[in-house]
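Mapping the sequence shown onto our numbering, position 82 (from 1) lands on 561, and the numbers just tick up by one. Okay, structure first, notes after.
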Amino acid sequence: MVGEQVYKASSLGELPAVAKAILEALEDEWVVCFWGGMGVGKTTLIAEICRQLGVVGEVASPTFALINVYNCRGGREIYHFDFYRIEAVQDAWNIGAEEYLGQNLGLCLVEWPGVVESLLPERRIDVHCREMDGGTREFRIVRS
Numbered sequence: 480m481v482g483e484q485v486y487k488a489s490s491l492g493e494l495p496a497v498a499k500a501i502l503e504a505l506e507d508e509w510v511v512c513f514w515g516g517m518g519v520g521k522t523t524l525i526a527e528i529c530r531q532l533g534v535v536g537e538v539a540s541p542t543f544a545l546i547n548v549y550n551c552r553g554g555r556e557i558y559h560f561d562f563y564r565i566e567a568v569q570d571a572w573n574i575g576a577e578e579y580l581g582q583n584l585g586l587c588l589v590e591w592p593g594v595v596e597s598l599l600p601e602r603r604i605d606v607h608c609r610e611m612d613g614g615t616r617e618f619r620i621v622r623s
């Protein structure tokens with residue numbers, strides 16, 4: 480993937496194509512950050528990415544736990560972070576987030592990455608999510 484790609488989804492049925500594009504954009508990156516306000520579809524999109532990677536079971540936002548770990552095909556692990564409730568980067572350090580984000584232990588999917596930006600690798604995929612008029616969602620996939 481060069482530059483950025485923009486996808487629009489007016490229904491849940493269109494999310495598989497967006498998730499596929501994100502997975503295809505990954506080269507040697509292991510961190511994907513999801514930027515956007517409350518209710519724009521970050522967790523739903525992450526659930527679709529996990530489904531495409533063979534995760535069995537529920538994928539839910541780890542708002543209170545901060546991290547959920549999912550197993551997928553081939554024994555690979557996915558680390559799903561939600562930093563909505565943390566107030567300082569130190570809170571992420573306290574759960575060892577820098578180890579996951581700083582080295583390739585598995586795919587890291589990060590909601591609300593703003594407060595931990597100093598822990599994020601330079602090379603990553605950023606997905607900017609927003610709701611447009613009429614409820615359509617726009618997903619802008621950018622390689623950093």
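For glycine and all other residues, C-beta sits at the position ideal for the given N, C-alpha and C.
Among the options, nearest to residue i - alpha-carbon criterion
i: F546; options: L524, L580, P495, G520; result: For the record, residue 546 in the displayed sequence is Ile; it is not Phe. Among L524, L580, P495, G520, the Cα nearest to that of I546 is on L580.
i: N583; options: T615, R555, G536; result: R555
i: V510; options: F560, A567, G614; result: F560
i: L532; options: S540, A488, Y549; result: Y549
i: E527; options: N573, L491, G482; result: L491
i: V621; options: E493, L502, L494; result: L502
Anticipated Cβ contact below 8 Å, residue i with residue j, distance rounded
i: C551; j: V538; result: Going by Cβ atoms, the distance from C551 to V538 rounds to 11 Å, so no, they are not a contact pair.
i: V594; j: F513; result: About 14 Å; that fails the 8 Å criterion.
i: S623; j: D605; result: 6 Å
i: A504; j: Y486; result: Actually they are not in contact, since the Cβ atoms of A504 and Y486 sit about 11 Å apart, beyond 8 Å.
i: L598; j: V568; result: 6 Å
i: E506; j: R619; result: Rounded, the Cβ-Cβ distance is 18 Å, inconsistent with contact.
i: G536; j: Y558; result: So it is not a contact: roughly 15 Å between Cβ atoms.
Run of the beta strand (DSSP E) containing residue i, from where it starts to where it stops
i: D507; result: Here D507 belongs to no beta strand (DSSP E), and DSSP marks it neither H nor E.
i: V589; result: 586 to 590
Bridge partners - residue i, DSSP secondary structure assignment
i: N550; result: E556
i: R609; result: E617
i: V485; result: R619
i: I501; result: None; I501 has no bridge partner.
i: I604; result: V511, R622
Cutoff 8 Å; reference residue i; Cβ partners in own chain excluding five residues on either side
i: R564; result: T542, F543, L545
Residue i Cβ short of 6 Å to the ligand GDP heavy atom set
i: E527; result: The ligand GDP is absent from the structure shown, which contains no ligands of any kind.
Residue i, enclosing alpha helix (DSSP H) - first and last residue
i: Q569; result: 568 to 573
i: L598; result: Looking at the DSSP string, L598 is not in any alpha helix (DSSP H), and its letter there is neither H nor E.
i: T542; result: Segment: none, T542 is in no alpha helix (DSSP H) and carries neither H nor E.
i: Y579; result: 576 to 581
i: R564; result: Unbroken run through R564: none, as it is neither H nor E.
i: L491; result: Per DSSP, L491 belongs to no alpha helix (DSSP H) and is neither H nor E.
Same chain, Cβ closer than 6 Å to residue i, five either side skipped, listed in chain order
i: R602; result: E508
i: M517; result: none
Residues of its chain near residue i, where Cβ-Cβ distance is below 7 Å and the 5 sequence neighbours each way are ignored
i: G515; result: K521, H607, C608, R609
i: W591; result: D561, F562, Y563
i: S498; result: The sequence given here has Ala at residue 498, not Ser. Closer than 7 Å at the Cβ level, and outside the excluded window around A498, lie L524, E527, I528, Q531.
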